[in-house]
Amino acid sequence: MGSWGVGPFDNDMATDFVRDLDNSPGSERIVMIERALEASADPSEGFLDHDEAAVAVAAAAIIAASLPGGTPFQVAFEPGSLTGEGLESIPTTVPQLAARALERVIAEDSELDTLWAETNEHEAWRTSVRMLRDSLTEAANEGA
0 MGSWGVGPFD NDMATDFVRD LDNSPGSERI VMIERALEAS ADPSEGFLDH DEAAVAVAAA
60 AIIAASLPGG TPFQVAFEPG SLTGEGLESI PTTVPQLAAR ALERVIAEDS ELDTLWAETN
120 EHEAWRTSVR MLRDSLTEAA NEGA
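Just so you know, the sequence shown maps onto residues 0 to 143 in numbering that gives the first Met the number 0.
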C-alpha cells in the first residue's frame, strides 16, 4: 500500500500528488485538487481505487489547512502547495466536495478502507479521516 502512517500525507500517492502540485503553476493547483476530489466523491463510480482514495485524502487535507482557521498538518516535507499560490480563493463548494470524497474513502466500497482493515491501525486511520471530514463539513456549513 506504500503507507508509513495514518496521516493524510503518510503514503506514496499523497507524496506524489503534492509533488505534482508543487511542480504546477499556482493557477492550476485548485483545479488539480478539485479533480482529485471529484474522482473520489461520486458513489456511482463503483469500487473506489486505493490510489484515488489516498490522493483524495491528501487533497482534502490541503483544503482543510488552507481554510480560514484551518489547522496545518505535520508532514515530513515542506511542500509549498499546502498553503501556497493558487489556494488564496477556494471556491465555497470545495469543502463540501472534500467532505463527500472522504465519506466515500471510508465507505465499504473503498479499497483503501479495505486495505487499512487488514492492519492494526485501521481505527486510527478511520478516526483521522473522520476528523478531517468533520472539519470540512463544519467549514462548509459556516460558508453556506
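Using N, Cα and C, we set each Cβ at its ideal position, and we do this for glycine too.
Predicted, not measured: the structure shown is a model, and the values here were computed from it.
Between the Cα of residue i and the Cα atoms of the options, which residue gives the shortest distance?
i	options	result
Ala58	Arg99, Ala116, Ala123 and Pro67	Arg99
Val54	Glu87, Gly45, Arg18 and Pro42	Arg18
Pro90	Leu131, Ala63 and Arg132	Ala63
Val39	Val56, Arg28 and Gly25	Here residue 39 turns out to be Ser, not Val, going by the sequence shown. Comparing Cα-Cα distances from Ser39 to each of Val56, Arg28 and Gly25, the minimum goes to Val56.
Leu66	Glu44, Ser43, Asp41 and Pro94	Pro94
Asp9	Asn140, Leu135 and Val128	Val128
Ser43	Glu141, Trp124, Arg103 and Arg125	Arg103
In angstroms, rounded to a whole number, what distance separates the CA positions of residue i and residue j?
i	j	result
Leu86	Ile105	26 angstroms
Gly4	His49	15 angstroms
Glu27	Glu117	36 angstroms
Asn22	Glu137	31 angstroms
Thr92	Glu33	10 angstroms
Glu120	Leu135	23 angstroms
Leu114	Asp41	20 angstroms
Glu122	Asp112	10 angstroms
Gly25	Gly69	20 angstroms
Between residue i and residue j, how many whole angstroms is the CB-CB distance? I'm expecting something under 8 angstroms.
i	j	result
Glu110	Phe16	Contact doesn't hold; Cβ gap of about 17 angstroms is too wide.
Leu36	Leu131	Their Cβ separation, rounded to whole angstroms, is 12 angstroms, which puts Leu36 and Leu131 out of contact at 8 angstroms.
Pro7	Ala52	That pair is no contact at about 11 angstroms.
Met31	Leu20	6 angstroms
Is DSSP giving residue i helix, strand or coil here?
i	result
Asn10	strand
Ser88	coil
Leu66	coil
Runs of 3 residues minimum, wholly inside the segment 105-143: which ones carry the beta strand (DSSP E) assignment?
none
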